[in-house]
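In the working numbering, the protein residues as written are 208 to 297.
Note that CB positions come from ideal geometry on N, CA and C, so glycine has one too.
Note that the structure is a prediction, hence the values are computed from the model and not measured.
So the structure is just underneath, and the comments pick up after that.
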């Protein structure tokens, strides 16, 4: 990321950029993301975006919910095919 920023700022000296760590989904949902490795290492309000906050930051309010709806619909439509595929691993 630092190399990308260096190139970007070289080309656009007055630009502003924000770097952050993103975690596209929260495996603990509906509870908050609580990894001990996060505590004290990062400014969680400024340097980390998790799940809904990340996706809505990228593409606007409601993006995360839209993504969840898409995955749910795909799961419903492909359920039989996925069950058949994963049955090979029992």
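In this structure, what does DSSP give as the bridge partners for residue 256?
229
Compare the C-beta of residue 226 with all C-beta atoms of chain C and state if any pair is closer than 8 Å.
No chain C appears in this structure, which consists of one protein chain only.
Per-residue burial, residue 271 [other beta carbons within 10 Å of its own, 16 or more giving buried]:
buried
For residue 174, collect the residues of the same chain with a Cβ closer than 6 Å to its Cβ; drop the 5 residues on either side in sequence, then sort them by chain order.
No answer is possible for residue 174: the residues shown for the chain start at 208 and end at 297.
When we look at the beta-carbon of residue 243 and count the other beta-carbons within 10 Å, is it buried (16 or more) or exposed?
exposed
Quick one, which of 249, 238 and 247 has its alpha-carbon nearest residue 259's?
238
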